[in-house]
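Scroll down for the structure; my scribbles are underneath it.
2 protein chains.
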Amino acid sequence: MARTQGSHSEITGPRIHAAAQRLFARHGFAAVSMRQIAADVGLQVGALYNYTPDKQALLFSLLEGHMLDLMTAWEAAAPSSGPLARLEAFVRFHIAFHLARPEAVFIAYMELRNLTEENFAKIGRLRHDYEQRLEQILRDGRAEGRFDIADTKLTTLALIAMLTGVTTWYRDGGRLGPEAVADHYWSMVLKAVSA
Amino acid sequence: MARTQGSHSEITGPRIHAAAQRLFARHGFAAVSMRQIAADVGLQVGALYNYTPDKQALLFSLLEGHMLDLMTAWEAAAPSSGPLARLEAFVRFHIAFHLARPEAVFIAYMELRNLTEENFAKIGRLRHDYEQRLEQILRDGRAEGRFDIADTKLTTLALIAMLTGVTTWYRDGGRLGPEAVADHYWSMVLKAVSA
DNA sequence: GTCTATACGGGGATAGAC
DNA sequence: GTCTATCCCCGTATAGAC
Numbered sequence: 001m002a003r004t005q006g007s008h009s010e011i012t013g014p015r016i017h018a019a020a021q022r023l024f025a026r027h028g029f030a031a032v033s034m035r036q037i038a039a040d041v042g043l044q045v046g047a048l049y050n051y052t053p054d055k056q057a058l059l060f061s062l063l064e065g066h067m068l069d070l071m072t073a074w075e076a077a078a079p080s081s082g083p084l085a086r087l088e089a090f091v092r093f094h095i096a097f098h099l100a101r102p103e104a105v106f107i108a109y110m111e112l113r114n115l116t117e118e119n120f121a122k123i124g125r126l127r128h129d130y131e132q133r134l135e136q137i138l139r140d141g142r143a144e145g146r147f148d149i150a151d152t153k154l155t156t157l158a159l160i161a162m163l164t165g166v167t168t169w170y171r172d173g174g175r176l177g178p179e180a181v182a183d184h185y186w187s188m189v190l191k192a193v194s195a
Numbered sequence: 001m002a003r004t005q006g007s008h009s010e011i012t013g014p015r016i017h018a019a020a021q022r023l024f025a026r027h028g029f030a031a032v033s034m035r036q037i038a039a040d041v042g043l044q045v046g047a048l049y050n051y052t053p054d055k056q057a058l059l060f061s062l063l064e065g066h067m068l069d070l071m072t073a074w075e076a077a078a079p080s081s082g083p084l085a086r087l088e089a090f091v092r093f094h095i096a097f098h099l100a101r102p103e104a105v106f107i108a109y110m111e112l113r114n115l116t117e118e119n120f121a122k123i124g125r126l127r128h129d130y131e132q133r134l135e136q137i138l139r140d141g142r143a144e145g146r147f148d149i150a151d152t153k154l155t156t157l158a159l160i161a162m163l164t165g166v167t168t169w170y171r172d173g174g175r176l177g178p179e180a181v182a183d184h185y186w187s188m189v190l191k192a193v194s195a
């Protein structure tokens, strides 16, 4: 396994992504320079361009990776039971997943406008796919007569916004832990959609 | 009413604020230059500094103005009836106010991190004051036995996030108008808090 | 109040040596 | 794969004339 001098490709790539995520979340994409990212990793600027063609691609890969993680994690966590149990699973999953990745979530919501039109569209499709998972649960529950929902599309967007909003105020070590928060949200969601 | 050459102070100030609001909302605070704002208004850069000490103050005045408008408008719209009517009024007011000012709302949520620590704290207090208006309604309704709410603080934050979320997907000319949207949200909110 | 000109620093990205 | 050096452009803010 001979290695050329100074080569650390297996670990440098992830370290660049981690530094970019932290810095973008803290200061915003536009406010962070490639020089800052390089310094954070312990590199000179030029070396970054061995790992990303440009700054935009770095942002896109963070957002895309986050959305793919989200989809994969839900597919793994989703039960194949009835609508009510699936809705509860979705509520608890969404809150837990988002609270566990505050930086990725922050970037995913705040930096969309810094994507090129093409990249923006790609992330938009991934987000829509995820929302469809929730809407299908609501449609199934309504078809079975368990839910009373006038407009499943609207309710989907309302619930997603409510659940994701947790990330704007939640702090580790606060009054309520993630499970207690999820309990409260689940009870509100259940009442809001119940027949 | 003699006026010095090129003086347009009465209208230039508001035009600068309007241009800054539009550009900040579209491209983000950090991505917009003072040169762009000046060009949009039809001035040279230097002239902007007759109206604002720096770019930060320009952002802060937009955010502060938005929050003060919000508070003033709610005080004027709030009925002095029972909790249920006040909650309905709040839901409808919040949606209508936010949908009428998409740019100001966008900036108010996305550009908080570009404020200095001191200015951030000031906006945080204004936001908290507004949230208190809703929480008081929830507390009153619970005291009267009309609402079933486990945690009024949590419910306040959940409802605000849900209602504000409308601005992320609403488009003029879409399937539902502002009133139809408000009708749906009010019915969800009512079910979620009812005893 | 507005203009022109400028100071001064920093931005993204690339070239070529090692 | 990384470094140093550099290109070229743009950022905020100020000075001083009109």
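Protein chains in written order, with full-length UniProt numbering: chain A, 1 to 195; chain B, 1 to 195. Where a beta carbon is used, it is the ideal one built from N, C-alpha and C, also for glycine.
Looking at the C-beta of A/HIS94, does it have a partner C-beta in chain B at a distance below 9 Å? no
Quick check on DSSP: helix, strand or coil for B/PHE29? B/PHE29 sits in coil when the DSSP states are folded into three classes, being neither helix nor strand.
Looking at chain A, is there any beta carbon in it that lies within less than 9 Å of the beta carbon of B/GLY28? yes
Assuming the contact rule is C-beta atoms closer than 8 Å, B/TYR170 and B/LEU99 should be a hit. Round their C-beta distance to whole Å, please. 6 Å
What does residue 227 of chain A touch in chain B if you count any residue whose Cβ is under 9 Å from its own? In the structure as shown, chain A begins at 1 and stops at 195. Residue 227 of chain A is therefore absent and cannot be evaluated.
Take B/THR52 and list the residues in its own chain whose beta-carbon comes closer than 8 Å to its own, dropping the five residues that flank it on each side. ILE16, LEU58 and SER61
Chain B contact for A/LYS55 (CB, 9 Å cutoff): No, no contact with chain B.
Give me the Cα-Cα distance between B/ASP183 and A/GLN21, rounded to the nearest whole angstrom. 39 Å
By alpha-carbon positions, which one of A/ALA108, A/VAL41 and A/LEU138 ends up nearest to A/PRO83? A/LEU138
Reference A/GLU131; option with closest CA among A/VAL91, A/LEU23 and A/LEU176: A/VAL91
Would you give the residue range spanned by the alpha helix (DSSP H) that A/ASP40 belongs to? For A/ASP40, the enclosing alpha helix (DSSP H) begins and ends at 34-41.
Could you check if B/LEU68 is buried or exposed, using at least 16 other CB atoms within 10 Å of its CB as the buried criterion? exposed
Suppose the cutoff is 7 Å on Cβ atoms and the five residues either side in sequence are ignored; what does the same chain contact list for B/HIS27 look like? none
Kindly identify the DSSP beta-bridge partner or partners of A/SER194. A/PHE147
Quick check on the DSSP output: what are the complete alpha helix (DSSP H) runs of length 4 or more inside the segment 107-179 of chain A, in order along the chain? 117-143, 152-164 and 166-169
Where B/GLY82 sits in the DSSP three-state scheme: coil
On the criterion of 16 or more Cβ atoms from any shown chain inside 10 Å, does B/THR72 qualify as buried, or is it exposed? exposed
By how many angstroms is the C-alpha of A/ARG146 removed from the C-alpha of A/THR12? 51 Å
So, are the CB atoms of A/GLY141 and A/VAL193 less than 9 Å apart? Contact flag set, yes.
What do you reckon, are the CB atoms on B/ALA78 and B/ALA89 nearer than 9 Å? yes
Determine the chain A residues that contact B/GLY155 at a beta-carbon separation under 9 Å, and present them in chain order. The sequence shown places Thr at residue 155 of chain B, rather than the Gly named in the question. By Cβ distance, chain A contributes HIS184 and MET188.
If you draw a straight line from the C-alpha of B/ILE160 to the C-alpha of A/GLY42, how long is it? 42 Å
Name the chain B residues whose beta carbon is nearer than 9 Å to that of A/LYS191? ASP148, LYS191, ALA192, VAL193 and SER194
Among A/MET110, A/GLY165 and A/ARG127, which residue has its Cα nearest to the Cα of A/ALA30? Minimum Cα distance to A/ALA30 is reached at A/MET110.
Flag B/TYR51 as yes when its Cβ comes closer than 8 Å to any non-hydrogen atom of the ligand GTP, and as no otherwise. Absent from the structure shown: the ligand GTP. Ligands present: none.
Between B/ARG101, B/GLN136 and B/LEU154, which lies nearest to B/ASP172 when the distance is taken from Cα to Cα? B/ARG101
Would you decide whether B/GLU144 is buried or exposed? Buried here means 16 or more other CB atoms lie within 10 Å of its CB. exposed
Under the rule that 16 or more other beta-carbon atoms within 10 Å means buried, what is B/THR156, buried or exposed? buried
According to DSSP, is A/GLN21 helix, strand or coil? helix
From A/LYS122, A/LEU126 and A/LYS153, residue whose alpha carbon lies closest to that of A/GLU135: Considering only alpha carbons, the answer is A/LYS153.
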